[in-house]
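Numbering-wise (my numbering), the sequence shown opens with residue 25 and increments by one. Glycine is no exception: its CB is placed at the ideal position from the N, C-alpha and C atoms. Okay, structure first, notes after.
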Amino acid sequence: MKQLNSEATQFFDDFVAAFGTFDGSSVARLFTHPYLAVDQHGIQSVFSSPEDTAMYFQGHLERYKSSGTESCRYHSLEVVPIGTLGALASVTWSLANVHGSEISSWRESYCVSRKNGQMLAYASIDHAV
Numbered sequence: 025m026k027q028l029n030s031e032a033t034q035f036f037d038d039f040v041a042a043f044g045t046f047d048g049s050s051v052a053r054l055f056t057h058p059y060l061a062v063d064q065h066g067i068q069s070v071f072s073s074p075e076d077t078a079m080y081f082q083g084h085l086e087r088y089k090s091s092g093t094e095s096c097r098y099h100s101l102e103v104v105p106i107g108t109l110g111a112l113a114s115v116t117w118s119l120a121n122v123h124g125s126e127i128s129s130w131r132e133s134y135c136v137s138r139k140n141g142q143m144l145a146y147a148s149i150d151h152a153v
């Protein structure tokens, strides 16, 4: 379990670093395909290629940037093993402005699996507010 928590922490640290580039393709590298995204209203979107996933994240990144977001961070990581190669990893995300003040926050879960020595997500689910 300790190894799984360490790998999940690395995944989210990598996500924060990719987010900081505000480049959708950097974020998309952390996902497998097809990738399923479920928003807080239960609306499902499936992305079949890295390019589709990059465009999806680029839209979010641009919206966050235009609202004054400069960075993101996570806390309250919870990891539940799923089989020998996967897990359900949940975090609370916070977006912050240039002064480090929180702009918004939400809880999100990711279905992740180990692939070629790296943890990658194949689904994400925003928790209802």
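- Here Thr93 is buried, its C-beta having at least 16 other C-beta atoms within 10 Å.
- Assignment of Leu85 by DSSP, reduced to helix, strand and coil, places it in the helix class.
- In this structure, the CA atom of Tyr80 is about 22 Å from the CA atom of Ala32.
- Judged by DSSP secondary structure, Gln34 falls within the alpha helix (DSSP H) whose first and last residues are 26-43.
- DSSP, reduced to helix, strand and coil, places Ala152 outside both helices and strands of the structure shown, so it counts as coil.
- According to the DSSP assignment, Ser114 belongs to no alpha helix (DSSP H) but to the beta strand (DSSP E) extending over 110-120.
- Of the candidates Arg131, Met143, Val122, Ser90, the residue whose Cα lies closest to the Cα of Ala152 is Arg131.
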